[in-house]
Amino acid sequence: MSSVMVSPVEDAQDANAKALHDDMLSPRFYTTDFAELDRLNMSPVRAEWDVMMAEYEGDNNHDHFQRDATFADEVATGMATLSPEMRQEFLDFLVSSLTSEFSGCILYNEIRKNVSNPDIKQLMTYLARDESRHAGFINQSLRDFNLGIDLGNLKRTKRYTYFKPKYIYYATYLSEKIGYARYITIFRQLERHPEKRFHPIFRWFERWCNDEFRHGESFALIMRAHPHLLQGGNRLWIRFFLLAVYATMYVRDHKRPMLHESMGLDSSTYDFEVFRITNEITRQVFPIALDTDNPAFQAGLQRLFEIDRDMEIARARGGLIGRLQLGWHGARAALTFARLYLMPVVPQTLSEQVRLQPAW
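Counting from 1, position 52 in the sequence shown corresponds to residue 32 in this note's numbering; the numbering is continuous, with no gaps.
Shown next as structure tokens:
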């Protein structure tokens, strides 16, 4: 499968432009209502909250995000085996991953600076610390190719999107949990097939999962402490964010097919395994799950990918015809998304909403 849909990254200017780019699939920067966050009350889950804060303070990953002596040699050896197309897909993966991690760092740091609630301020301090490490570690790998991102400029110039706090809870909880599922699935695959590990950054993915899983648990506790967030009309928002996160991942991953093939993974099989893991984890909080095993659901995600491909072609065509085609394909995408949204979901019973532990 061709990877022509990944825009090339040839120099640092390209890498920074890709990080700054905004579209439906690219990671965004967010701001929110700090006053509402200040009113959060964690008393209903105080015992669990204090245990989690102690885990953050213990910082068992504080030495993890440091290169070892073999890192540079592994980069040189592994990257020499990649085709130019595969190299571009990997660089696209690094840039989007860095942007996503740095997005979290900025949001958490802004919340920390703008709230007085001691529980939330403490949590956001720890979250910003972790995401800063993640972003910095990825940026080091980009610098190996002279493609380092200017994080200060990215913070100043990338457009910010306002999200209500509850949208932050739903989207961030899902992003952290799906990040865990993605990283652990890749790590286990490359653990079984080390000959397919073409870059050393994948050796860090297991303990990276510690942070992703714990971050998600923090937002799970916020929602469990405020059960109205999981009831009534909010179930519709949960449904929306589940679909939006899954659809975005599916389309984005299918634009980088070689990345998974190089690891011995099929993009579709990988994505639906990640969705299965994420559904299992989110049962601890969310009252519903998407029926990702439904063939109609899977076909709908594939249609979204194909529509996105058509939109790329129309965008490249430009002019009046290109704009008309973009509008038509946009309407097709909205209709497909709506059909997926209206599909039956899987309700979770109260007894199913149990605390799960990470699988590392």
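We treat Cβ as the ideally placed atom computed from N, Cα and C, and that holds for glycine.
None of these values were measured; they are calculated from a predicted model.
Query, Result
"Distance check for Leu103 and Ala296, CA to CA, integer angstroms please.", "44 Å"
"Hey, which unbroken runs of the alpha helix (DSSP H) at 4 residues or more fall wholly within the stretch 126 to 184?", "131 to 137, 145 to 172"
"Does the beta-carbon distance from Pro207 to Leu17 come in below 8 Å?", "no"
"Give me the DSSP bridge partner(s) of Tyr10.", "Thr141"
"Report the residue ranges of all beta strand (DSSP E) runs contained in full by the stretch -11 to 59; include only those spanning at least 3 residues, in chain order.", "9 to 11"
"Should Val231 and Leu284 be called a contact, given that it needs their Cβ atoms to be closer than 8 Å?", "yes"
"To the nearest angstrom, how far is the alpha carbon of Pro237 from that of Ala313?", "21 Å"
"Considering only the alpha carbon of each residue, which of Ala294, Asn259, Phe221 lies closest to Trp308?", "Ala294"
"When we look at the beta-carbon of Asp251 and count the other beta-carbons within 10 Å, is it buried (16 or more) or exposed?", "buried"
"In the DSSP output, what is Ala108 paired with across the bridge?", "DSSP output for Ala108 lists no bridge partner at all."
"My output table needs one value for Pro342: the three-state DSSP class, helix, strand or coil.", "Lying before the first or after the last residue shown, residue 342 is absent from the chain, which here runs from -19 to 340."
"Spatial neighbours of Ser242 within its chain, please: C-beta separation below 7 Å, excluding the five flanking residues on both sides.", "Met66, Lys176, Phe178"
"Please report the distance separating the alpha-carbon of Leu210 from that of Asn89.", "26 Å"
"When DSSP builds the beta bridges, which residues end up paired with Ile268?", "Pro327"
"Could you tell me whether the Cβ atoms of Tyr321 and Arg215 are closer together than 8 Å?", "no"
"For Val95, which option in Thr11, Glu253, Arg256 has the closest C-alpha, if you only look at C-alpha atoms?", "Thr11"
"Can you tell me whether Asp48 is buried or exposed? The criterion is at least 16 other CB atoms within 10 Å of its CB, across all chains shown.", "exposed"
"Mind checking Gly196: buried by the 16 CB within 10 Å criterion, or exposed?", "buried"
"Rounding to the nearest angstrom, what Cα-Cα distance links Asp72 and His42 in this structure?", "27 Å"
"When you compare the CB positions of Val31 and Thr165, do they come within less than 8 Å of one another, or not?", "no"
"Could you pull the start and end residues of the alpha helix (DSSP H) that His240 belongs to?", "237 to 241"
"Excluding five sequence neighbours on each side, which residues of the same chain lie with their C-beta closer than 7 Å to the C-beta of Ala(-8)?", "Asn126, Leu127, Gly128"
"Less than 8 Å between the CB atoms is what I'm expecting for Trp217 and His44, so what's the real figure, rounded?", "In fact, because the Cβ distance is near 34 Å, the residues do not count as touching under 8 Å."
"Is there at least one non-hydrogen atom of the ligand SAM closer than 7 Å to the beta-carbon of Met33?", "Looking for the ligand SAM in the displayed structure turns up nothing, as the structure carries no ligands at all."
"Excluding sequence positions up to five away, which residues of its chain have a Cβ less than 6 Å from the Cβ of Leu87?", "Tyr10"
"In three-state terms, what does DSSP make of Gly298?", "coil"
"Go ahead and label Glu81 buried or exposed: buried means 16 or more other beta carbons lie within 10 angstroms of its beta carbon, across all protein chains shown.", "buried"
"Does Gly307 get closer than 8 Å to chain C when you measure Cβ to Cβ?", "Looking for chain C here will not work: only one protein chain is present."
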